[in-house]
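A.B. asks: Quick one: structure below, then a few questions.
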Ligand code: PHE
């Protein structure tokens with residue numbers, strides 16, 4: 482169990498590599514796909530405020546806890562939690578946080594890859610000019626047709642998963658580190674291009690007005706639960722991704738500094754991507770409350786009606802694929818690191834073994850869009866919706882909550898004494914973060930019970 486991380490996997494030598502990898506993990510479909518549509522459905526600016534509060538008061542302290550645990554133990558999340566519980570002489574069941582985290586990560590990966598596969602497909606469609614002059618019916622039909630075509634879906638999601646697997650198999654330095662140095666500049670360029678496009682050709686002021694309008698009456702408790710779940714999702718918390726990356730952080734890195742940087746970049750990215758999307762959507766008189774289809778129906782429709790639309794649609798969907806890639810790498814890494822460190826399975830073997838299972842689940846997800854398939858309606862929701870709801874609204878917040886409780890109340894303080902502003906951080910974990918998650922959960926549950 483005490484096996485050191487081998488030098489080949491190693492640690493990143495530079496702080497900037499860590500920041501790129503961590504930011505690459507946090508920026509993903511959550512920022513580009515989910516954030517705009519849940520904001521659209523929950524009243525714009527007021528929801529954004531709520532989300533910012535959740536990121537600051539709940540997300541950030543847990544992000545710091547994950548990074549500290551990774552950096553202190555220098556191990557994969559499962560072993561890290563085992564070491565910490567042993568050294569703190571606390572009940573060893575607490576270490577299950579690491580195990581459940583890795584599992585939740587793989588579940589997310591199996592539906593995440595499906596959406597990334599749509600992105601890949603749409604990127605190629607855009608390059609071939611398929612969105613030119615699309616009508617609203619055709620845009621919807623196009624998306625529904627893709628969802629119905631399980632073979633195409635499975636093909637593209639597997640292409641995506643295999644490329645992610647290749648990077649993870651190449652190791653922490655030569656694989657993940659190098660890939661992030663290529664990915665991040667590309668993402669910045671793509672985002673910059675989209676912002677300037679929507680500024681010149683979209684309805685930027687309508688987008689801005691929508692994001693700044695505070696319609697507090699649209700906020701329900703469900704919206705609060707959504708904002709909380711999204712704060713976990715967007716900061717990649719509760720699945721051990723950040724703990725795994727914390728283990729590769731260069732020595733003497735200021736955790737507070739990197740945690741704040743990563744959270745800020747993540748939020749900034751979501752806001753800018755949201756602004757670009759709403760500006761393009763509003764310029765075409767499309768309502769922002771389209772739900773998950775916002776990105777795959779409304780945007781192709783909007784781009785198809787605008788000058789240079791195909792080129793920019795290709796850039797947009799390219800950005801979607803790049804962003805998903807960095808997140809997917811971090812969803813796979815914790816389990817691979819665990820097999821590799823704990824059971825000495827080489828990465829080239831660990832990756833295909835885990836991916837084989839993920840691919841089976843994602844194939845079932847792809848089939849679940851076909852209304853005749855049994856997975857299409859499991860107690861009223863498709864397998865795809867189930868996996869999303871169970872992970873985002875339950876598994877991630879519960880994993881994060883348990884970590885907050887454990888680190889805040891039970892873990893021996895000596896281990897974390899070097900953590901940034903230790904006393905204040907632990908106080909917040911104990912008296913703000915953990916109770917906030919608990920209250921939000923309790924109220925959401927009560928509400929659900931009273932409405933059924
Ligand atoms: N943060 C990613 C996103 O916003 C999703 C993710 C969740 C990645 C958990 C890793 C771990 O899309």
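Numbering (the numbering used here), first residue to last: 482 to 933. Glycine included, C-beta positions come from ideal geometry on N, C-alpha and C.
Does the beta-carbon of residue 930 have 16 or more other beta-carbons within 10 angstroms, so that it is buried, or is it exposed?
C.D. replies: Taking the chain shown and counting its residues from 1, one reaches residue 930 at position 449. With fewer than 16 other Cβ atoms within 10 Å, it is exposed.
A.B. asks: Going by Cα to Cα distance, which pick from 663, 927, 516 is closest to residue 748?
C.D. replies: Along the chain shown, one-based indexing puts residue 748 at 267. Among 663, 927, 516, the Cα nearest to that of residue 748 is on 516.
A.B. asks: Alpha carbon to alpha carbon, what distance is there between residue 765 and residue 544?
C.D. replies: Reading the chain shown from its first residue, position 63 is the one you call residue 544. Reading the chain shown from its first residue, position 284 is the one you call residue 765. Cα to Cα, the separation comes out at about 39 angstroms.
A.B. asks: Quick one: what's got a C-beta closer than 6 angstroms to residue 891's C-beta in the same chain, skipping five residues either side?
C.D. replies: Numbered from 1 along the chain shown, position 410 holds the residue referred to as residue 891. Here the set comprises 571.
A.B. asks: How many Å lie between residue 489 and residue 854 at the Cα?
C.D. replies: Indexing the chain shown from 1 puts residue 489 at position 8. Indexing the chain shown from 1 puts residue 854 at position 373. Unreliable positioning characterises residue 489 in this predicted model, as indicated by a pLDDT of 40, which lies under 50. A coordinate reading is not provided.
A.B. asks: Relative to the C-alpha of residue 836, which residue among 533, 510, 587 is closest?
C.D. replies: Here residue 836 corresponds to residue number 355 of the chain shown, with the count starting at 1. When each option's Cα is compared against that of residue 836, the closest is 587.
A.B. asks: I'd like the span of the alpha helix (DSSP H) that includes residue 822, first residue to last.
C.D. replies: Counting from 1 along the chain shown, the entry for residue 822 is found at position 341. Unbroken alpha helix (DSSP H) run through residue 822: 790-824.
A.B. asks: Measure the beta-carbon distance from residue 548 to residue 665 and round it to whole angstroms, keeping in mind my assumption that it falls under 8 angstroms.
C.D. replies: Translated into positions along the chain shown, residue 548 becomes position 67. Translated into positions along the chain shown, residue 665 becomes position 184. In fact, because the Cβ distance is near 19 angstroms, the residues do not count as touching under 8 angstroms.
A.B. asks: Between residue 904 and residue 742, what straight-line distance do the alpha-carbon atoms span, to the nearest angstrom?
C.D. replies: Against the chain shown, residue 904 aligns to sequence position 423. Against the chain shown, residue 742 aligns to sequence position 261. Roughly 21 angstroms between the two C-alpha positions.
A.B. asks: Given residue 485, which residues of its chain have a CB within under 8 angstroms of its CB, disregarding the five upstream and five downstream residues?
C.D. replies: Within the chain shown, the letter at position 4 stands for residue 485. Confidence in residue 485 is poor, its pLDDT being 49 and thus under 50, which makes the residue's placement unreliable; the coordinate value appears in the next sentence. Taken in chain order, the residues that qualify are 555.
A.B. asks: Does DSSP put residue 840 in a helix, a strand or coil?
C.D. replies: Translated into positions along the chain shown, residue 840 becomes position 359. The answer is helix: DSSP assigns residue 840 an H, G or I state.
A.B. asks: Are there any heavy atoms of the ligand PHE lying less than 7 angstroms away from the beta-carbon of residue 817, as far as the coordinates show?
C.D. replies: What you label residue 817 is simply residue 336 of the chain shown in a count that begins at 1. No - the ligand PHE has no heavy atom lying nearer than 7 angstroms to the Cβ of residue 817.
A.B. asks: Taking the alpha-carbon of residue 775 as reference, which of 863, 758, 889 has the nearest alpha-carbon?
C.D. replies: Counting from one through the chain shown, the residue named residue 775 turns up at place 294. Among 863, 758, 889, the Cα nearest to that of residue 775 is on 758.
A.B. asks: May I ask you to report which of helix, strand or coil DSSP gives residue 862?
C.D. replies: For the purposes of this step, residue 862 is taken as residue 381 along the chain shown, with counting starting at 1. Strand, per DSSP.
A.B. asks: For the candidate residues 851, 865, 828, whose alpha-carbon lies nearest to that of residue 842?
C.D. replies: Taking the first residue of the chain shown as 1, we reach residue 842 at position 361. With distances taken between Cα atoms, residue 842 lies closest to 865.
A.B. asks: What does a CB cutoff of less than 6 angstroms around residue 876 pick up in its chain, not counting 5 residues either side in sequence?
C.D. replies: Along the chain shown, read from residue 1 onward, the residue named residue 876 stands at position 395. Excluding sequence neighbours, residue 876 sits near 585.
A.B. asks: Please confirm whether any heavy atom of the ligand PHE lies closer than 7 angstroms to the CB of residue 879.
C.D. replies: Walking along the chain shown from the start, residue 879 turns up at place 398. Outside the cutoff, so no.
A.B. asks: I need the straight-line Cα distance from residue 530 to residue 845, nearest angstrom please.
C.D. replies: Counting from 1 along the chain shown, the entry for residue 530 is found at position 49. Counting from 1 along the chain shown, the entry for residue 845 is found at position 364. The straight-line gap from Cα to Cα measures roughly 37 angstroms.
A.B. asks: Could you check whether the Cβ of residue 714 sits closer than 7 angstroms to any heavy atom belonging to the ligand PHE?
C.D. replies: Against the chain shown, residue 714 aligns to sequence position 233. Checking every heavy atom of the ligand PHE against the Cβ of residue 714, one is found closer than 7 angstroms.
A.B. asks: Where are the alpha helix (DSSP H) runs, 4 residues long or more, that stay fully inside the segment 876-913, in chain order?
C.D. replies: Runs found: 877-886, 894-897, 903-909.
A.B. asks: Could you give the distance in angstroms between the alpha-carbon of residue 737 and the alpha-carbon of residue 902?
C.D. replies: As a first step, residue 737 is located in the chain shown; it is residue number 256 there, counting from the start. As a first step, residue 902 is located in the chain shown; it is residue number 421 there, counting from the start. Near 8 angstroms, if we compare the C-alpha coordinates of residue 902 and residue 737.
A.B. asks: Hey, quick one: how far does the alpha helix (DSSP H) through residue 581 stretch, first residue to last?
C.D. replies: By one-based count along the chain shown, residue 581 stands at place 100. That run of the alpha helix (DSSP H) goes 577-608.
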